[in-house]
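Residue numbers (the working numbering), protein chains in the order written: chain A, 1 to 268; chain B, 269 to 536; chain C, 537 to 865.
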Amino acid sequence: MRNVYLRLYVRYVAASVRAQLQYRASFFMMTLGQFLAIAIEFAGIQALFDRFGTMRGWSLPEVALLYGMANTAFALADMFGRGFDQFGTMVRSGDFDRLLLRPLPTAFQLLAQDLVLMRLGRILCGLLALSWAMGQLAITTDAAKIVLLLFSLLGGACVFFGLFVLQAASCFRTIETLEIWSTVTYGGVEAAQFPMPLYRSWMRDLFTFIVPLACLNYLPASVLLNRSADLGVPPILAWTCPIIGFVFLAISLRVWSFGERHYLSTGS
Amino acid sequence: MTGLWPYFALFSARFRTLIQYREAAIAGMATQLFWGLIKIMILEGFYHGTTRTPPMSLAQAVTYTWLGQAFLAMLPFTANPDPDVRNMIRTGAVAYELARPIDLYSLWLSRQFAARTAPTLLRCVPIFLIAVPFLGMGLPPTLASGAAFVVSLAGALWLVCSFMTIITISLLWTISGDGIARLVPSVTLLLSGLIIPLPLFPPALQTFLKWQPFSGVADSPFRLYFGHLPPEALGGVLLHQLAWSLVFVLIGRLLLRRGLRLLTVQGG
Amino acid sequence: MPTPIIRVESLRKTYRIAERAAGSWNAIKSLLRPSYREKVALDDVSFEMQPGELVGYIGPNGAGKSTTVKILAGILVPDRGVCTVLERVPYERRIEHVRRIGVVFGQRSQLWWDLPVIESFDLLREIYRVDKTAYARLRDDLIARLDLGSFLSVPVRQLSLGQRMRCELAASLLHAPDLLFLDEPTIGLDAVSKLAVREFIRDLNRERGTTVILTTHDMDDIEALCSRVLVIADGHILSDGSLTALRTQVTRERWLTLDLENPDTSVTDPAATVIKREGDRVTLAFDPETIPAATLIARLTARVGIRDLFVGNPPIEEIIARLYGERSR
Numbered sequence: 001m002r003n004v005y006l007r008l009y010v011r012y013v014a015a016s017v018r019a020q021l022q023y024r025a026s027f028f029m030m031t032l033g034q035f036l037a038i039a040i041e042f043a044g045i046q047a048l049f050d051r052f053g054t055m056r057g058w059s060l061p062e063v064a065l066l067y068g069m070a071n072t073a074f075a076l077a078d079m080f081g082r083g084f085d086q087f088g089t090m091v092r093s094g095d096f097d098r099l100l101l102r103p104l105p106t107a108f109q110l111l112a113q114d115l116v117l118m119r120l121g122r123i124l125c126g127l128l129a130l131s132w133a134m135g136q137l138a139i140t141t142d143a144a145k146i147v148l149l150l151f152s153l154l155g156g157a158c159v160f161f162g163l164f165v166l167q168a169a170s171c172f173r174t175i176e177t178l179e180i181w182s183t184v185t186y187g188g189v190e191a192a193q194f195p196m197p198l199y200r201s202w203m204r205d206l207f208t209f210i211v212p213l214a215c216l217n218y219l220p221a222s223v224l225l226n227r228s229a230d231l232g233v234p235p236i237l238a239w240t241c242p243i244i245g246f247v248f249l250a251i252s253l254r255v256w257s258f259g260e261r262h263y264l265s266t267g268s
Numbered sequence: 269m270t271g272l273w274p275y276f277a278l279f280s281a282r283f284r285t286l287i288q289y290r291e292a293a294i295a296g297m298a299t300q301l302f303w304g305l306i307k308i309m310i311l312e313g314f315y316h317g318t319t320r321t322p323p324m325s326l327a328q329a330v331t332y333t334w335l336g337q338a339f340l341a342m343l344p345f346t347a348n349p350d351p352d353v354r355n356m357i358r359t360g361a362v363a364y365e366l367a368r369p370i371d372l373y374s375l376w377l378s379r380q381f382a383a384r385t386a387p388t389l390l391r392c393v394p395i396f397l398i399a400v401p402f403l404g405m406g407l408p409p410t411l412a413s414g415a416a417f418v419v420s421l422a423g424a425l426w427l428v429c430s431f432m433t434i435i436t437i438s439l440l441w442t443i444s445g446d447g448i449a450r451l452v453p454s455v456t457l458l459l460s461g462l463i464i465p466l467p468l469f470p471p472a473l474q475t476f477l478k479w480q481p482f483s484g485v486a487d488s489p490f491r492l493y494f495g496h497l498p499p500e501a502l503g504g505v506l507l508h509q510l511a512w513s514l515v516f517v518l519i520g521r522l523l524l525r526r527g528l529r530l531l532t533v534q535g536g
Numbered sequence: 537m538p539t540p541i542i543r544v545e546s547l548r549k550t551y552r553i554a555e556r557a558a559g560s561w562n563a564i565k566s567l568l569r570p571s572y573r574e575k576v577a578l579d580d581v582s583f584e585m586q587p588g589e590l591v592g593y594i595g596p597n598g599a600g601k602s603t604t605v606k607i608l609a610g611i612l613v614p615d616r617g618v619c620t621v622l623e624r625v626p627y628e629r630r631i632e633h634v635r636r637i638g639v640v641f642g643q644r645s646q647l648w649w650d651l652p653v654i655e656s657f658d659l660l661r662e663i664y665r666v667d668k669t670a671y672a673r674l675r676d677d678l679i680a681r682l683d684l685g686s687f688l689s690v691p692v693r694q695l696s697l698g699q700r701m702r703c704e705l706a707a708s709l710l711h712a713p714d715l716l717f718l719d720e721p722t723i724g725l726d727a728v729s730k731l732a733v734r735e736f737i738r739d740l741n742r743e744r745g746t747t748v749i750l751t752t753h754d755m756d757d758i759e760a761l762c763s764r765v766l767v768i769a770d771g772h773i774l775s776d777g778s779l780t781a782l783r784t785q786v787t788r789e790r791w792l793t794l795d796l797e798n799p800d801t802s803v804t805d806p807a808a809t810v811i812k813r814e815g816d817r818v819t820l821a822f823d824p825e826t827i828p829a830a831t832l833i834a835r836l837t838a839r840v841g842i843r844d845l846f847v848g849n850p851p852i853e854e855i856i857a858r859l860y861g862e863r864s865r
């Protein structure tokens with residue numbers, strides 16, 4: 001059963017990738033564009049460090065670690081979750097019916113229908129920032145920390161993916177709130193690039209308890225940077241919090257299937 | 269004077285179409301407020317931890333940030349400056365445009381004027397109304413500063429529109445044009461001061477930043493607003509803006525001529 | 537008597553439509569407390585279909601056609617009523633249900649836009665988990681019947697509308713469904729493609745016994761294909777039966793068409809009404825119970841010079857239009 005879905009996923013993705021590579025020149029330009037967009041923002045941060053020296057006691061490599069984590073996690077989610085991100089247009093045009101008429105779960109079809117290869121540009125940029133930061137901070141030697149980092153990246157990607165799923169689920173009711181969702185998602189990436197104590201408490205709470213991005217970024221990064229004493233929470237919590245990302249995604253998928261059932265009974 | 273009439277008619281028709289999307293404007297404004305807040309908290313993080321004296325005060329940087337949010341719709345940060353023309357090019361319907369007894373360059377330029385001004389008017393007033401009393405945005409210190417800002421804004425509009433028209437024209441080269449259009453926003457975003465205020469970049473870069481075209485798009489008008497540039501500097505700013513606008517118009521016309529030749533050879 | 541393939545009884549479906557007044561203040565208000573209006577899409581709809589039938593389902597836009605089809609296809613849940621398709625309730629287990637039906641939307645594609653046709657087919661085989669040998673046999677048969685051979689390796693986006701529609705038909709049949717829904721399958725097609733599509737549907741129904749529901753606005757489709765027609769308007773079934781029965785239900789009227797020798801001649805008769813006049817061609821409607829055709833023709837030829845004449849039934853469009861007209865009155 002699982003095996004069937006995996007094979008189908010590979011077939012779907014192969015189709016999507018083939019379609020993207022039909023316009024090769026355009027594809028490379030866009031990948032480069034994705035890379036540049038992030039690299040340039042990072043250049044801005046570097047300029048600020050150059051001007052101010054420090055950010056509330058955080059150094060450039062430390063911020064680069066957060067920056068790399070946030071962008072890699074987001075770009076991963078964005079690469080796989082594009083189908084959900086585009087769902088609003090699909091509902092409006094009625095193309096969602098087409099998915100319902102196929103003997104597969106709709107969430108699976110949305111996941112499989114598009115793999116946005118050009119996000120590799122953003123992922124690459126995020127990974128570069130990460131590896132540079134880890135080199136500077138000498139994290140690379142500690143195996144436990146590497147595992148924590150990988151889990152946090154995965155968990156972070158799950159939170160962003162969950163946001164795309166929730167955004168899509170909200171389209172079952174109305175597509176007029178779309179911009180609010182992208183504010184939370186893209187605002188979340190922006191906010192997660194910097195240490196949480198920077199923000200006023202309402203925004204910290206938003207990104208810790210409602211959209212648990214801090215749990216996948218700032219909290220584990222504090223452990224990686226031996227700053228967990230600042231947190232005011234036991235370090236063991238920071239070690240386990242990537243799990244929250246998976247929970248968030250699971251909840252989002254439940255909301256999705258609830259929304260779909262509601263949609264089938266109300267129609268449009 | 270009567271020769272300008274058709275362009276004005278097209279401009280106002282387009283303006284009225286764009287002004288209909290009030291809800292999009294409300295959602296967009298909420299987004300911009302949220303983004304502005306994140307950016308300001310990050311800037312505060314840098315200002316509060318440093319012992320060095322930055323070239324502009326925190327209050328000025330905050331005002332700069334809100335101005336950026338208020339005039340975002342006017343600035344050249346989209347890969348798709350004119351969706352209608354882009355569609356026309358994709359479907360080949362651009363051939364009909366050629367049949368109109370109108371100068372195509374002026375037509376596309378006037379569409380840019382509408383596309384840049386209508387959403388800006390809608391979005392900037394509410395941001396002023398909210399950010400000035402509640403969110404730390406300053407007012408011009410003198411009437412002269414305010415007047416200089418308004419005048420320089422007109423120069424910035426010319427600069428932006430003539431630049432965006434080049435992007436529109438580049439879409440005639442469908443594949444590579446699309447790629448270029450996607451690279452442009454991140455570069456112009458950085459060079460106009462929207463990622464971080466230009467004065468905060470390292471001193472070594474300041475001469476280059478001052479002369480490159482995009483300082484005239486946002487940075488110079490904003491600094492005129494809060495007196496970081498004295499009102500007397502207006503003349504220099506205008507000269508810089510108009511000189512670059514002229515260059516952009518010339519490039520645009522040249523590109524359009526070549527693009528159209530390409531179009532007629534391919535047969536649309 | 538065989539079990540019906542579709543059984544629908546007292547089906548009712550209403551939609552809630554968000555009401556919006558103009559103005560920004562109302563826009564904000566409706567965000568907080570949206571107000572809704574109820575729209576009845578289906579009201580007390582009942583019918584049955586036997587395996588192997590080819591039924592035309594017609595009605596004006598918004599009459600409830602696509603609502604019915606969506607419910608039968610398992611992608612919409614009715615408010616009330618009984619619905620059994622292929623011996624199960626379609627919307628209870630969507631995935632199992634859609635595996636056994638085929639659906640073609642004339643205006644919407646089920647193929648992968650950027651992929652060659654044949655790869656879309658292969659992908660559909662995996663989605664529907666069709667056995668490889670059965671698939672190969674069926675696919676080759678469909679390719680031959682629909683004459684797809686020459687463009688199998690062309691990306692779908694480069695196909696003409698007629699070619700694409702033939703591919704859509706094949707795609708919807710690769711998993712050998714027992715029941716096929718066709719929504720406007722001939723819309724926008726040229727005359728030759730229309731005939732090809734109709735012929736294919738007829739053969740499919742006759743030879744393989746596939747049950748077909750055809751919704752269309754093209755009355756030629758209905759006349760060429762359907763032995764039975766369901767007419768729906770405003771969510772109610774207005775008529776259910778053969779085309780002939782539909783005609784007699786609406787009107788006994790016959791039409792007499794005359795080609796005049798002199799186009800300026802005035803044509804009148806107390807027992808008939810002129811309903812159309814184009815150049816030298818006049819069409820009169822009459823009731824054969826009040827005046828037999830022969831009498832009317834004799835009376836007219838005595839008075840006006842006629843080159844040619846023709847007696848026939850009013851076109852099906854006219855019948856349908858009157859049916860809707862009676863309903864709205």
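Just so you know, even glycine gets a beta-carbon here, dropped at the ideal spot from N, CA and C.
Item	Value
Candidates C:V786, C:L590 and C:V765, of which the one nearest C:G777 by Cα	C:V765
Contacts of B:P470 in chain A (Cβ-Cβ under 9 Å)	A47, D50 and R51
Best match in C:L845, C:G724 and C:A609 for proximity to C:R543 [C-alpha to C-alpha]	C:A609
Unbroken beta strand (DSSP E) run spanning C:R790, endpoints	R790 to L796
Within chain A, partners of C:D650 - CB distance below 9 Å	A15, S16, R18, A19, Q20 and Q22
Complete runs of the alpha helix (DSSP H) confined to the stretch 52-113 of chain A [at least 4 residues]	60-80, 82-85, 87-93, 96-100 and 106-113
Candidates B:I357, B:L340 and B:V400, of which the one nearest B:M297 by Cα	B:L340
Assigned secondary structure, C:E574 (DSSP; H/G/I helix, E/B strand, else coil)	strand
Test item: CB-CB of A:F172 and A:A77 under 9 Å	no
Residues that DSSP places opposite C:C619 in a beta bridge	C:V544
Test item: CB-CB of A:Y12 and A:Q167 under 9 Å	no
Residue-chain proximity (A:T183, chain B), Cβ-Cβ < 9 Å	yes
Helix, strand or coil at C:R629 [DSSP, three-state]	coil
Under 9 Å from the C-beta of B:M537: neighbouring residues of chain A	The shown model of chain B, from 269 to 536, leaves out residue 537 of chain B, and the question about it has no answer.
Those residues which DSSP pairs with C:K812 across a bridge	C:T819
Test: B:H316 CB closer than 9 Å to a CB of chain A	yes
Per-residue contacts from B:F482 into chain A (C-beta, under 8 Å)	Simply none; closest approach about 13 Å.
Where B:G535 falls, given that 16 or more other Cβ within 10 Å makes a residue buried	Legend: pLDDT at B:G535 = 46, less than 50; position of this residue unreliable, value from coordinates given subsequently. It counts as exposed.
Residues bridged to C:A769 (per DSSP)	C:H772
CB contact check: A:S222 to chain B, cutoff 9 Å	no
Distance CB(A:V270)-CB(A:A70) smaller than 9 Å	Chain A is shown only over 1 to 268; residue 270 of chain A falls outside these bounds and no answer can be derived.
Residues in the stretch 83-100 of chain A having any Cβ partner in chain C nearer than 8 Å	G94, D95, D97, R98 and L100
C-beta contact flag for B:F345 and B:P453 at 9 Å	yes
Coarse secondary structure for C:G777, derived from DSSP in three states	strand
Bounding residues of the beta strand (DSSP E) (the contiguous stretch that carries C:R843)	I842 to G848
Test: A:R122 CB closer than 9 Å to a CB of chain C	no
Residue-chain proximity (A:M30, chain B), Cβ-Cβ < 9 Å	yes
Rounded C-alpha distance that separates C:K812 from C:A781	25 Å
Partner residues on chain B for A:E41, Cβ-Cβ distance less than 9 Å	S454, L457, L458 and I463
Cutoff 9 Å: C:A609 Cβ touching any chain A Cβ	yes
B:Y493 - DSSP class collapsed to helix/strand/coil	helix
Nearest-angstrom Cβ-Cβ length linking C:S775 and C:L859, presumed shorter than 8 Å	6 Å
Residue-level contact to chain A via CB, B:A399, 9 Å cutoff	no
Residue-chain proximity (A:T54, chain B), Cβ-Cβ < 9 Å	yes
Span of the alpha helix (DSSP H), counted from its first residue to its last, around B:G336	L326 to A338
Where C:S656 sits in the DSSP three-state scheme	helix
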